[in-house]
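Reading through the structure tokens given below for one structure.
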């Protein structure tokens, strides 16, 4: 069995690349519920997941999305044709 960290990284990547994934703040609670449900199906407890996420799965997902968006923005600026 994978560690919660490994499992969460895999599931987050699946969620973030799925067609229905939204980075709108109103959708994060539903995405957290889905993630908790998947964790329980895969043998982890909601507590395991919450502990790994600092007690707040919704905030964890929001932070991951924001971090990913900032990295994409940074790459776009670095690769812009007008950059010297």
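Numbering (the numbering used here), first residue to last: 6 to 89. Cβ atoms here follow ideal geometry from the backbone N, Cα and C, with glycine treated the same way.
For the options 63, 70, 68, the alpha carbon positioned closest to that of residue 34 is the one of 63.
Judged by DSSP in its simplified three-state form, residue 46 adopts helix. The C-alpha of residue 36 lies about 10 Å from the C-alpha of residue 17. Taken atom to atom, the span from the alpha-carbon of residue 10 to that of residue 57 is near 7 Å. Around the CB of residue 49, 16 or more other CB atoms lie within 10 Å, so the residue is classed as buried.
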